[in-house]
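Below is one structure, written out as structure tokens; comments come after it.
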Amino acid sequence: MNRFPTGGLIDRDISIPFTFDGQTYTAHPGDTLASALLANGVRLMGRSFKYHRPRGVLTAGSEEPNALMEIGIGADCTPNTRATTQEVYNGMVAQSQNRFPTLKADILAVNDLLSPFLGAGFYYKTFMWPKKFWEAVYEPIIRRAAGLGRLSGQADTADYDKAWAYCDVLIIGGGPAGLMAALTAAKGGAKIILADEDFIIGGRLNSEQTEVDGKHSQRWAAEVATQLAEMPNVRVMTRTTVTGAYDGGTYGAVERVGDHIADAHGAPRQIFWRIVAKHTILAAGATERPIAFPNNDRPGIMLASAVRTYAHRYGVAAGQRVAVFTNNDDGWRTARDLMALGVTVTGLIDARTDVAPDVDCPVFTGAAVVGTGGRLGIERLSVRTSDGSIQQINADCLAVSGGWNPSLHLTGHMGGKPTWREDIAAFVPSPDSIPNLVTVGAANGTFSTLGALKEGMAAAKAALKNLRLKQVRPKVPAADDAQGAVTAFWHVPDVKGRSWLDFQNDVTVKDIAVAHRENFRSVEHMKRYTTLGMATDQGKMSNMGALAVMSALTGQSIPETGTTIFRPPYTPVQMGALGAGAAGKGFAPERLTTSHDWATSRGASMIEVGLWHRASWFPREGETYWRQSCDREVKMVREAVGVCDVSTLGKIDIQGPDAGVFLDRVYTNVFSTLKVGKVRYGLMLREDGMVLDDGTTACIGQNHYVMTTTTGAAGPVMSHLEFCAQCLWPELDVTMISVTEQWAQIAVAGPKSRELLAGLIDDISNESFPFMGCGAVSISGVNGRLFRISYSGELAYEIAVPARYGESLMDELVKRAEALGGGVYGMEALNVLRIEKGFLTHAEMDGRVTAADMGMSGMMSTKKDFIGKVSSQRDGLNDPMREQLVGIKPTGAVRQILGGSIMVNVDADPIRENMQGHVTSVCYSPTLDGMIGLAFVKGGHARIGQTIRAVDLLRNVDTLCEIVSPQFHDPEGEKLRG
Amino acid sequence: MRISCPHCGERDHREFEYLGSAKLLERPDGGDRAAFHDYVFQRKNPTGENAELWQHVMGCSAWLYVVRNITTHEITAVKLARDVKAAAR
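Quick mapping for you: the protein sequence lines, in order, are chains L and B. Going by numbering that gives the first Met the number 0, the first sequence opens with residue 0, and the numbers climb by one from there. Going by numbering that gives the first Met the number 0, the second sequence opens with residue 0, and the numbers climb by one from there.
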């Protein structure tokens with residue numbers, strides 16, 4: 000065991016069992032998977048992406064590139080989980096990834112021997128031909144060999160949620176700067192959210208042996224966290240990563256609610272938050288960066304800061320004999336801290352020459368590590384001393400510190416470019432990169448604890464001032480003020496072997512040199528050519544090192560070389576969290592008619608029409624195929640009476656003294672002359688002259704109209720009308736509201752429809768309700784509306800009642816219809832009925848057709864202006880050879896027509912150049928006993944009686960057709976008026 | 000992005016639907032085809048501030064005249080389109 004006897008923020012009284020690669024270990028509450036494995040002496044935690052090199056944990060935070068695990072089993076398995084952030088829970092199952100058959104004996108480690116052939120650009124150069132081999136052969140093999148964790152292949156059964164939060168001040172990061180900012184802002188009365196990705200607030204305060212306000216920094220952090228949690232205006236969100244900064248002070252964040260517990264008891268696993276903040280204080284800290292030297296990726300080689308974190312926070316010795324390699328003063332602290340804990344430090348190697356570390360261990364200044372050795376983990380290292388000689392040092396852990404990179408990622412999300420600071424050899428955020436966001440502490444390049452506390456407080460005070468809240472003057476607690484000197488040192492020069500920059504994507508210093516040699520020198524090109532920074536850690540460990548190497552090669556400075564752009568998310572976000580609530584039924588809202596349950600209880604097959612669910616057909620006993628039901632339902636309407644729920648059609652209530660004028664302007668035809676108690680069919684164009692929608696509008700009172708729209712266009716038409724009323728003619732006194740959901744509307748169609756209604760409505764005579772008449776009616780004491788309109792070509796009515804009576808009216812009407820030899824019909828029959836009659840839907844009105852194309856130029860009033868009038872006069876829209884609406888029916892041996900077929904002349908090849916039009920709607924017509932269709936044909940109105948072909952090249956159907964009038968059934972309309 | 004609806008207050012952009020340039024307020028009177036061609040099809044493509052029409056579809060249904068900086072998404076003015084149109088008359 001590598002656990003120190005005391006210390007750390009773990010509960011030593013409780014032991015938690017978990018398994019890693021089948022072996023059982025124990026952890027304590029407060030442990031991460033990484034700390035628990037290290038405590039159990041496990042150093043080997045993964046295999047690298049491309050070369051399958053053995054890898055151990057490098058960091059102690061979310062920037063971890065190596066120790067990625069599969070957590071959980073079956074559908075609950077989450078791959079690519081960072082062991083450094085995953086808390087251990089009772090019975091947790093963890094597995095290593097990207098290895099076969101085992102982590103210790105991975106046969107694909109052979110890739111490492113082949114590495115001279117597998118460098119940057121290898122795929123592009125090698126797998127060029129034969130071309131079709133890429134998808135079929137190369138890619139699957141490469142994907143299997145090079146990879147991360149496996150997906151379970153099963154649907155994710157976990158729950159995810161999404162939520163919104165609002166605050167005055169959002170503080171990102173709960174280290175010294177964030178805590179001080181939170182304390183100050185909270186005391187001033189601001190409503191604050193403090194979000195930290197860790198499960199314990201405190202940041203580096205929990206990882207160091209230092210004092211704040213005269214007490215251990217861990218204790219100070221815990222006390223402040225408790226104090227904050229008790230304040231009503233503070234929301235402390237642990238395990239919450241702010242992943243992106245967006246416009247208007249909106250931030251995305253993922254809260255891991257259930258990832259750390261064995262059974263969440265119904266709580267969601269993760270919540271995706273959208274946090275809206277008036278002010279934001281970014282206190283995300285900094286991440287230490289490694290130094291590139293040969294074989295710097297062996298298990299046991301870790302960041303110095305991580306070694307201290309494991310020691311102080313988890314009470315774990317990362318090794319028993321530790322060496323330290325540094326270019327800054329922080330490295331010395333690592334050596335001192337470990338020695339104080341009784342760990343042997345076998346050497347302190349400082350790349351700088353002009354320093355004198357005051358540490359009681361073998362010290363090498365002006366020296367560098369030039370190699371490491373050991374099987375499946377470091378055992379020794381070679382040091383090139385200042386005089387050039389090579390010295391071997393034994394160590395089972397090498398702590399490396401190459402300086403610190405401020406965690407400025409969020410400040411790049413809106414295009415902000417960072418500023419280079421030579422004194423700390425790092426980029427810091429430029430001010431105002433994100434509106435109303437201030438960066439403080441280590442994220443701002445202020446690495447001392449005292450400096451972080453001061454900056455956090457100053458930013459909070461500024462926020463309070465902007466918010467016009469109470470000014471407070473809290474005392475800055477006493478703390479360490481050492482900023483720590485650093486001299487840039489990125490990689491050890493003049494060495495043999497591969498020095499790793501990007502651990503996750505296996506990119507070495509040499510690969511950058513290859514990219515430079517092959518002229519992929521811009522950082523964006525270099526990144527894509529070598530894949531550096533494109534792994535799940537998004538280059539947190541590697542970008543700076545690679546930039547430095549490239550800038551040395553090009554002779555440009557680092558700021559001249561620039562950085563790649565940081566984009567959201569800061570750390571990987573699971574698709575489940577992003578799609579929270581949208582899986583399965585949550586994918587789209589469902590709109591159900593009031594007769595929905597009634598229909599499904601009768602075995603109706605349902606179909607989606609936009610968001611609506613409508614009954615498609617109602618099978619009767621003995622009917623096994625939809626056509627049987629559909630044909631019967633059509634005949635029922637034509638010969639007796641049918642009942643259909645048409646509530647889904649858009650219904651818009653329009654009122655006001657100028658309502659008639661308004662309708663005149665939005666419809667092509669005149670409505671201001673419509674008398675009370677009358678209905679008129681109307682056609683609506685877009686301003687470019689194309690048909691927007693059609694429908695009927697009823698005048699049900701003085702200055703009171705009810706417009707119907709097609710089901711699909713209800714929303715767009717409503718929006719269009721609002722646009723016309725508000726943006727074009729605000730002087731018109733007219734108001735409108737959608738009443739689609741307030742009224743259930745049911746069609747009763749067929750020669751016996753009047754007979755059916757006669758028992759329900761007092762006066763249903765042709766005189767009271769002539770064709771296109773409407774009026775108020777009472778149905779069993781319920782006030783409703785009756786419209787004599789027809790979408791089937793038969794004598795027909797539509798009855799509207801308040802939605803709460805929809806289902807009972809439906810039931811009553813169908814009972815009466817069945818008594819008359821009729822019954823209910825669905826969408827399929829409705830469609831056949833309207834095609835037989837030549838009525839239109841959006842299959843025809845597809846946004847490319849004019850009123851003239853549909854044979855409705857007569858509906859374009861010449862007496863008034865209306866939307867689309869002028870544009871429809873354009874020459875091209877009046878070309879007689881435009882595709883025009885016609886009917887078609889088969890005349891040859893082939894009796895089938897398929898929707899979507901293209902039309903060609905009888906002797907022409909079915910190729911695009913010969914296209915004469917296309918088929919929009921087809922059906923089998925039981926009335927005409929054959930297939931019929933609606934089609935658009937070039938110059939079609941003048942070609943009635945001619946023969947043409949409908950060709951479907953996909954399904955290989957070629958049908959000789961006669962062009963006919965689109966009104967197949969009762970073209971004179973006698974039945975309608977009967 | 001957040002838009003301050005004059006009726007409903009500041010709301011997330013997903014409550015709104017974008018239509019296009021506020022030029023759509025300036026529908027020509029009369030039957031001049033060239034004027035309509037310009038109105039229907041011709042749009043400037045500015046960087047920086049642009050006047051646009053948005054509708055608060057998930058709220059009060061009001062059409063809004065929104066001045067938005069296309070490069071930064073900063074919104075500098077939101078008015079009811081009805082008022083803007085009426086003032087222009």
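From the three backbone atoms N, C-alpha and C, an ideal C-beta is built for every residue, glycine too. Owing to the predicted nature of the structure, the values given are computational and were not obtained by experimental measurement.
List the residues that DSSP assigns as beta-bridge partners of residue i.
i, result
"D105 of chain L", "L:P100"
"C922 of chain L", "L:I931"
"F271 of chain L", "L:K161 and L:V253"
"F17 of chain L", "L:Y24 and L:M91"
"R1 of chain B", "B:D11"
"F586 of chain L", "According to DSSP, F586 of chain L bridges with nothing at all."
"D951 of chain L", "L:V956"
Using beta-carbon positions only, say whether residue i and residue j come within less than 8 Å of one another.
i, j, result
"L449 of chain L", "V427 of chain L", "no"
"L409 of chain L", "T58 of chain L", "no"
"A757 of chain L", "A795 of chain L", "no"
"L884 of chain L", "P769 of chain L", "no"
"R52 of chain L", "D296 of chain L", "yes"
"M635 of chain L", "Y824 of chain L", "yes"
"S646 of chain L", "G411 of chain L", "no"
"L648 of chain L", "Q744 of chain L", "yes"
"T710 of chain L", "V831 of chain L", "no"
"L727 of chain L", "R42 of chain B", "no"
"L182 of chain L", "V223 of chain L", "yes"
"L682 of chain L", "Y704 of chain L", "no"
"I736 of chain L", "D852 of chain L", "no"
Pull up the distance between the alpha-carbon of residue i and that of residue j, whole angstroms please.
i, j, result
"T15 of chain L", "N504 of chain L", "Note on identity: in this sequence residue 15 of chain L is Ile, with Thr being the wrong assignment. For I15 of chain L and N504 of chain L, the distance between alpha carbons rounds to 33 Å."
"A425 of chain L", "A487 of chain L", "9 Å"
"F617 of chain L", "S752 of chain L", "19 Å"
"L102 of chain L", "A534 of chain L", "21 Å"
"W625 of chain L", "D957 of chain L", "25 Å"
"E961 of chain L", "T946 of chain L", "5 Å"
"A74 of chain L", "Q153 of chain L", "5 Å"
"H940 of chain L", "D687 of chain L", "23 Å"
"A185 of chain L", "E454 of chain L", "16 Å"
"A221 of chain L", "P175 of chain L", "11 Å"
"I896 of chain L", "A907 of chain L", "18 Å"
"R881 of chain L", "T840 of chain L", "19 Å"
"A322 of chain L", "N404 of chain L", "22 Å"
"G929 of chain L", "V776 of chain L", "40 Å"
"I9 of chain L", "T286 of chain L", "23 Å"
"T1034 of chain L", "A119 of chain L", "Residue 1034 of chain L lies beyond the range of chain L shown here (0 to 977); nothing can be said about it."
"A721 of chain L", "Y159 of chain L", "Here the sequence assigns Glu to residue 721 of chain L, which means Ala is not the residue at that position. Taking the straight line joining both Cα atoms gives about 37 Å."
"H524 of chain L", "I834 of chain L", "58 Å"
Q) So does the region 270 to 282 of chain L actually touch the region 243 to 256 of chain L, counting three or more Cβ pairs closer than 8 Å? A) Yes, they touch.
Q) Which runs of the alpha helix (DSSP H) fall wholly inside the region 767 to 841 of chain L and span at least 4 residues, in chain order? A) Taking only runs of at least 4 residues, the alpha helix (DSSP H) segments lying wholly in the region 767 to 841 of chain L are 805 to 818 and 826 to 836.
Q | Contiguous alpha helix (DSSP H) assignments of at least 4 residues, all confined to the region 412 to 493 of chain L | A | Fully enclosed alpha helix (DSSP H) runs of 4 or longer: 448 to 465.
Q | Continuous alpha helix (DSSP H) assignments of at least 4 residues falling wholly in the region 328 to 392 of chain L | A | Counting only runs of 4 or more residues that sit fully inside the region 328 to 392 of chain L, the alpha helix (DSSP H) segments are 329 to 339, in chain order.
Q | Secondary structure, alpha helix (DSSP H): runs of 4+ residues fully inside the region 172 to 251 of chain L | A | Runs found: 175 to 186 and 216 to 228.
Q.
If contact is defined by three or more beta carbon pairs under 8 Å, each pair taking one atom from either stretch, is the region 844 to 863 of chain L in contact with the region 809 to 821 of chain L?
A. With a cut-off of 8 Å, the region 844 to 863 of chain L and the region 809 to 821 of chain L do not count as touching, because too few Cβ pairs lie within range.
Q: Please go through the region 601 to 673 of chain L and give each complete alpha helix (DSSP H) segment of 4 or more residues, from N-terminal end onward.
A: 625 to 638 and 658 to 665, all fully within the region 601 to 673 of chain L.
(Q) Under 8 Å: do the region 189 to 204 of chain L and the region 160 to 171 of chain L share three or more Cβ pairs, one atom per stretch? (A) Touching, per the Cβ criterion.
Q.
For the region 411 to 419 of chain L against the region 385 to 394 of chain L, do three or more pairs of beta-carbon atoms, one drawn from each stretch, fall closer than 8 Å, so that the two count as touching?
A. Short answer: they don't touch.
(Q) Across the region 890 to 901 of chain L and the region 911 to 920 of chain L, are there enough close Cβ pairs to call them in contact, namely three or more that are closer than 8 Å? (A) Touching, yes.
(Q) What ranges does the beta strand (DSSP E) occupy inside the region 30 to 80 of chain L, keeping only unbroken runs of at least 3 residues that lie completely in it? (A) Correct list: 67 to 70.
Q: Pair every Cβ in the region 326 to 335 of chain L with every Cβ in the region 479 to 498 of chain L, then say whether three or more of these pairs are closer than 8 Å.
A: Yes: at least three Cβ pairs fall under 8 Å.
Q) Should the region 43 to 51 of chain L be called in touch with the region 498 to 515 of chain L, which here means at least 3 C-beta pairs below 8 Å? A) Here the region 43 to 51 of chain L lies against the region 498 to 515 of chain L, with 3 or more beta-carbon pairs under 8 Å apart.
Q) Is it true that the region 46 to 56 of chain B meets the region 684 to 703 of chain L, where meeting means three or more beta-carbon pairs spaced less than 8 Å apart? A) At 8 Å Cβ cutoff, the stretches do not touch.
Q. Is the region 355 to 365 of chain L close to the region 373 to 381 of chain L, with three or more CB pairs under 8 Å?
A. The region 355 to 365 of chain L makes no contact with the region 373 to 381 of chain L; the number of CB pairs closer than 8 Å stays below 3.
**Q.** Those runs of the alpha helix (DSSP H) which lie wholly inside the region 276 to 333 of chain L and span at least 4 residues
**A.** Runs of the alpha helix (DSSP H) inside the region 276 to 333 of chain L: 303 to 311.
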